[in-house]
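These notes are about the structure you will find just below.
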Amino acid sequence: EIYTLSLHDALPIFGVSLTRDVVISARKKGYDAISRLIKSASNVADLLFVLQNIGSLPSDFGEQCFVDLLKHENKDVRLWAVKNLGKIKSFSNIDCFKTIVDNDESTEVKREAVSSIGRMRSSTAIPVLIDILSNPDPKIVCQAIRGLLVFKGNSEVDEHLKKLITHENEMVISVISKEYYE
740 EIYTLSLHDA
750 LPIFGVSLTR
760 DVVISARKKG
770 YDAISRLIKS
780 ASNVADLLFV
790 LQNIGSLPSD
800 FGEQCFVDLL
810 KHENKDVRLW
820 AVKNLGKIKS
830 FSNIDCFKTI
840 VDNDESTEVK
850 REAVSSIGRM
860 RSSTAIPVLI
870 DILSNPDPKI
880 VCQAIRGLLV
890 FKGNSEVDEH
900 LKKLITHENE
910 MVISVISKEY
920 YE
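The sequence shown begins at 740 in the numbering used here and counts up one residue at a time.
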């Protein structure tokens, strides 16, 4: 009889149980070890445990193991894949994050993608964040505003943000009013 073991169940066979230390140890060994750990997770709970416990990542860390999870059926897996991809802070991911904002069905995943763009704190991200200001979801718009406020004083940024004083959502109006009109 063949059994499919979860990562959590299989690790004790090898004398190891799935702990935060196992995940951190894999991270220290590099991309290949993390990628193997992610691929060996046979259920969503184990996968989430790995993704939630990776910790900080260097900017030259590989990305593909996270990119592969961006289409996962579970929104929490997608959310944590975006969070980990955002830790890498690679400008090449801006388009990937924008695609998530445009296409993912989860507001939480979209917000994390916008947050990841904003955390780059790069003027390269300004056009993308400005484009996101037209998103119909006010939570997404507010996240883009947060990312743009780092550049307050930039005439292009100020112009686009000030226009939001007539936005249909009170939360958006409140943020803009506080930043520019009080």
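In this text, a Cβ means the ideal position worked out from N, Cα and C, and glycines have one as well.
Whole angstroms is fine: what's the gap from residue 912's alpha carbon to residue 782's? Within the sequence shown, the letter at position 173 stands for residue 912. Within the sequence shown, the letter at position 43 stands for residue 782. Cα-Cα distance, rounded: 43 Å.
Grouping DSSP H, G and I as helix and E and B as strand, with all else coil, what is residue 780? By 1-based counting over the sequence shown, the position of residue 780 is 41. Three-state DSSP puts residue 780 in coil, outside helix and strand.
By a C-beta neighbour count over all protein chains shown, 10 Å radius and 16 as the cutoff for buried, is residue 832 buried or exposed? Locating residue 832 in the sequence shown gives position 93, counting from the first residue. Here residue 832 is buried, its C-beta having at least 16 other C-beta atoms within 10 Å.
What whole-angstrom Cβ distance do residue 829 and residue 802 have, given they're in contact under 8 Å? Within the sequence shown, numbered from 1, the residue matching residue 829 stands at position 90. Within the sequence shown, numbered from 1, the residue matching residue 802 stands at position 63. Yes, they are in contact, since the Cβ atoms of residue 829 and residue 802 sit about 7 Å apart, within 8 Å.
Proximity test, residue 820 beta-carbon vs the ligand NAD heavy atom, cut-off 8 Å: Within the structure as shown, the ligand NAD is missing, as the structure has no ligands at all.
May I ask you to report which of helix, strand or coil DSSP gives residue 853? For the purposes of this step, residue 853 is identified with residue 114 of the sequence shown, where counting begins at 1. Under the three-state reduction of DSSP output, residue 853 falls in the helix class.
Once you ignore the five residues that flank residue 805 on each side, which residues in its own chain have a CB closer than 6 Å to its CB? Taking the sequence shown and counting its residues from 1, the one referred to as residue 805 is at position 66. 820, 823, 824.
Where does residue 811 sit, in a helix, a strand or coil, going by DSSP? As a working note, residue 811 is residue 72 in the sequence shown. It is coil, neither helix nor strand.
If I follow the unbroken alpha helix (DSSP H) through residue 860, where does it start and stop? Taking the sequence shown and counting its residues from 1, one reaches residue 860 at position 121. Membership of residue 860 in any alpha helix (DSSP H) is not indicated, and neither H nor E is assigned to it by DSSP.
First and last residue of the uninterrupted alpha helix (DSSP H) at residue 871: Residue mapping note: residue 871 aligns to position 132 of the sequence shown, counting from 1. Run containing residue 871: 865-871, per the alpha helix (DSSP H) assignment.
Option nearest residue 856 by Cα separation, candidates 835, 765, 920, 847: Taking the sequence shown and counting its residues from 1, the one referred to as residue 856 is at position 117. Out of 835, 765, 920, 847, 835 has the C-alpha closest to the C-alpha of residue 856.
By DSSP, does residue 906 sit in helix, in strand, or in coil? As a working note, residue 906 is residue 167 in the sequence shown. It is coil, neither helix nor strand.
Close beta carbons around residue 919, own chain, < 6 Å, minus the five adjacent residues each side: Working through the sequence shown from its first residue, we reach residue 919 at position 180. Within the same chain, Cβ atoms closer than 6 Å to the Cβ of residue 919 are found at 901, the five residues on either side in sequence being excluded.
Buried versus exposed call for residue 859 [16 or more other C-beta atoms within 10 Å across all chains shown]: Counted from its first residue, the sequence shown places residue 859 at position 120. The residue in question, residue 859, is buried, as its Cβ has 16 or more Cβ neighbours within 10 Å.
Where does the unbroken alpha helix (DSSP H) through residue 898 begin, and where does it stop? Reading the sequence shown from its first residue, position 159 is the one you call residue 898. Run containing residue 898: 894-901, per the alpha helix (DSSP H) assignment.
Classification of residue 810 by the beta-carbon crowding that lies within 10 angstroms, buried from 16 upward: Position 71 of the sequence shown, counting from 1, holds the residue named residue 810. Residue 810 is exposed by the Cβ-count criterion.
C-alpha distance - residue 872 paired with residue 861, whole-angstrom precision: Residue mapping note: residue 872 aligns to position 133 of the sequence shown, counting from 1. Residue mapping note: residue 861 aligns to position 122 of the sequence shown, counting from 1. Spanning the two alpha carbons is a distance of roughly 17 Å.
Report the three-state DSSP secondary structure of residue 838 (helix, strand or coil). As a working note, residue 838 is residue 99 in the sequence shown. Of the three classes helix, strand and coil, the one that applies to residue 838 here is helix, per DSSP.
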